[in-house]
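Chemist: Sequential numbering of the sequence shown, starting at 0, is according to numbering that gives the first Met the number 0.
Ideal placement from N, C-alpha and C gives every residue a C-beta, glycine not left out.
Being a predicted model, the structure only gives us computed values, none of them experimental.
Got a structure for you, written out below as structure tokens; questions coming shortly.
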Amino acid sequence: MKKRLTAMDYVSMIVVGIFALICVMPFVYVFCVSFMPYSEYIENPLKIIPSRIDLTAYKQMLGYELIRSGYLVTVFITIAGTALSIFLLIISAYPLSKKDLKGHRFFMGMVLFTMFFNGGMISNYILIRGIKLQNTVWSLIIPGCISAFNLILMKNFILQSIPDALEEAARIDGANDLQVLFRIVTPLLKPAIATMIVFCAVNYWNNYFSAMLYVSDRDLWPLTLVLRELVVEDTSAVSSVTQMLTSANRSHPFTLKMAAIIITVLPILIVYPFMQKYFVKGVSLGSVKE
């Protein structure tokens, strides 16, 4: 029997719809302006649908050397960092899900401790410099490769989803601990792994602060740091990047900035819908412990 919607249901849908519209509109506005000639934007800044599509800004931004190198660096740190994070989460969460692990409370206490206390920015910088990771892509991967929140989420998912009887049956058949983990347990963690892939990939893709601290070589800048230089510049002086982009036969800097924003955020937005079905299931199963 189909459930009838109440007045409260309609009110909730309207409120959620308005909130979703507020969240989406800035992106839609930037997307439309990036295809709009600047002269048309000046005539009506509130106009959303351009009278003609202008791809000049995108051609110029994709021809910019820092954008190309930033894309390569960002794709590498996203893929390598996500793969490393997932591997570390699996091999760390699995033993922590075992209550008979010696020192279980101590290890979980250490994990929880890092959620509330950390060494701070200065100590992290000294550490990265001390182990010779400064000005390398690994300084953008290793420091954030695992988080306590993701580890606890994965551990709870294993507790709820993997019955002990399944592991015992595998051991009776002669499987050792590594075989149980990678051949029995890991295939059953697909929803949680997909969820962690989304979390980690978005974090690596959007991370620019670590690059500001640890990377001074412009060839190793990730895409988000390049975008920051393009968009957030000193108003008292035009940056060298903008000077290059505003030379003869170039689009207006404002349109170029809008195109740069879309180029930066669009790939991760395209990937997300394909992971959404796993994302919702993984969060709902792993976030609550029975």
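Check whether the region 221-232 and the region 21-41 are in contact - that is, three or more C-beta pairs closer than 8 Å.
Modeler: No, the region 221-232 does not touch the region 21-41.
Chemist: How big is the Cα-Cα spacing for I48 and C31?
Modeler: Numbered from its first residue, the sequence shown carries residue 48 at position 49. Numbered from its first residue, the sequence shown carries residue 31 at position 32. Taking the straight line joining both Cα atoms gives about 6 Å.
Chemist: Please state the DSSP three-state secondary structure of T254.
Modeler: Here residue 254 is taken as the residue at index 255 of the sequence shown, counted from 1. In this structure, T254 counts as helix in the three-state DSSP scheme.
Chemist: Roughly how many angstroms lie between the CA atoms of D233 and K131, to the nearest whole one?
Modeler: Position 234 of the sequence shown, counted from the first residue, corresponds to residue 233. Position 132 of the sequence shown, counted from the first residue, corresponds to residue 131. Confidence at D233 is low in this model, with a pLDDT of 43, below 50, so the placement of that residue should be treated as unreliable; the coordinate-derived value is given next. The straight-line gap from Cα to Cα measures roughly 32 Å.
Chemist: Return helix, strand or coil for G176, following the three-state DSSP convention.
Modeler: Taking the sequence shown and counting its residues from 1, one reaches residue 176 at position 177. For clarity, residue 176 is Asp in the given sequence; the question names Gly instead. Correct three-state label for D176: helix.
Chemist: Round the Cβ separation of L187 and S160 to the nearest angstrom and send it over; I've been treating them as touching at under 8 Å.
Modeler: Translated into the one-based positions of the sequence shown, residue 187 becomes position 188. Translated into the one-based positions of the sequence shown, residue 160 becomes position 161. Rounded, the Cβ-Cβ distance is 6 Å, consistent with contact.
Chemist: On the CB-based measure, 16 or more other CB atoms within 10 Å of its CB, does P162 come out buried or exposed?
Modeler: Taking the first residue of the sequence shown as 1, we reach residue 162 at position 163. Answer is exposed; the Cβ neighbour count stays below 16.
Chemist: Taking C-alpha atoms, which residue in S91, Y9, V10 lies nearest to A147?
Modeler: Counting from 1 along the sequence shown, the entry for residue 147 is found at position 148. Looking at the Cα atoms, S91 is the closest of the given residues.
Chemist: Who are the near neighbours of N149 in its chain, counting only those whose CB is closer than 8 Å to its CB and skipping five residues on each side?
Modeler: Against the sequence shown, residue 149 aligns to sequence position 150. If we look at N149 and ignore the five residues flanking it on each side, its Cβ neighbours are S84, L88, M195, F198, C199.
Chemist: Do you know how far the Cα of N202 is from the Cα of G143?
Modeler: In the sequence shown, counting from the first residue as 1, residue 143 sits at position 144. In the sequence shown, counting from the first residue as 1, residue 202 sits at position 203. Approximately 9 Å, taken between the alpha carbons.
Chemist: How about F253: is its C-beta nearer than 7 Å to some C-beta of chain C?
Modeler: Any reference to chain C falls outside this structure, which holds one protein chain only.
Chemist: For V225, which three-state DSSP category applies?
Modeler: Against the sequence shown, residue 225 aligns to sequence position 226. In this structure, V225 counts as helix in the three-state DSSP scheme.
Chemist: Could you spell out where the alpha helix (DSSP H) holding K58 opens and where it closes?
Modeler: Translated into the one-based positions of the sequence shown, residue 58 becomes position 59. Taken as a continuous stretch (DSSP letters only), the alpha helix (DSSP H) holding K58 covers 55-61.
Chemist: For the 8 Å Cβ check, are there 3 or more pairs between the region 32-46 and the region 249-260?
Modeler: With a cut-off of 8 Å, the region 249-260 and the region 32-46 count as touching, because enough Cβ pairs lie within range.
Chemist: Of all the options I141, I76, D99, L152, which has the alpha carbon lying nearest to the alpha carbon of V110?
Modeler: Residue numbering aside, residue 110 sits at position 111 when the sequence shown is read from its first letter. Comparing Cα positions, the closest option is L152.
Chemist: For a test of the three-state rule: what should DSSP assign to N43, helix, strand or coil?
Modeler: In the sequence shown, residue 43 corresponds to position 44, counting from 1. Residue state, collapsed to three classes: coil.
Chemist: What number of angstroms, rounded off, separates the C-alpha of R128 from the C-alpha of E228?
Modeler: Numbered from its first residue, the sequence shown carries residue 128 at position 129. Numbered from its first residue, the sequence shown carries residue 228 at position 229. Looking at the two C-alpha atoms, the distance is approximately 24 Å.
Chemist: Hey, would you say S122 sits closer than 7 Å to Y213, going by beta carbons?
Modeler: The sequence position of residue 122 within the sequence shown is 123, counting from 1. The sequence position of residue 213 within the sequence shown is 214, counting from 1. No, they are not a contact pair.
Chemist: Output needed for V230: all residues of its chain with C-beta closer than 6 Å, excluding positions within five of it in sequence on either side, in chain order.
Modeler: As a working note, residue 230 is residue 231 in the sequence shown. Answer for V230: K256, listed in chain order.
Chemist: Report yes if the C-beta distance between I140 and A56 is below 7 Å; otherwise report no.
Modeler: In the sequence shown, counting from the first residue as 1, residue 140 sits at position 141. In the sequence shown, counting from the first residue as 1, residue 56 sits at position 57. Contact flag unset, no.
Chemist: So the candidates are P272, N205, N175; which of them puts its Cα closest to the Cα of A193?
Modeler: Reading the sequence shown from its first residue, position 194 is the one you call residue 193. Closest by alpha carbon: P272.
Chemist: Mapping the DSSP letters down to three states, classify M24 as helix, strand or coil.
Modeler: In the sequence shown, counting from the first residue as 1, residue 24 sits at position 25. Here M24 sits in helix by DSSP.
Chemist: Looking only at its chain, what residues have a beta carbon closer than 6 Å to the beta carbon of L65, apart from the 5 residues adjacent to it on each side?
Modeler: Here residue 65 refers to the residue found at position 66 of the sequence shown. Counting only Cβ-Cβ distances below 6 Å, and skipping sequence neighbours, we find V225.
Chemist: DSSP state of D233, grouped into three classes?
Modeler: On the sequence shown, residue 233 is found 234 positions in, with the first residue counted as 1. Because D233 sits at a pLDDT of 43, beneath the cut-off of 50, its placement in the model cannot be relied upon, and the following sentence gives the value as read from the coordinates. If DSSP states are grouped into helix, strand and coil, D233 belongs with coil.
Chemist: Would a C-beta distance cut-off of 7 Å place S33 and I269 closer than the cut-off?
Modeler: Translated into the one-based positions of the sequence shown, residue 33 becomes position 34. Translated into the one-based positions of the sequence shown, residue 269 becomes position 270. No, they are not a contact pair.
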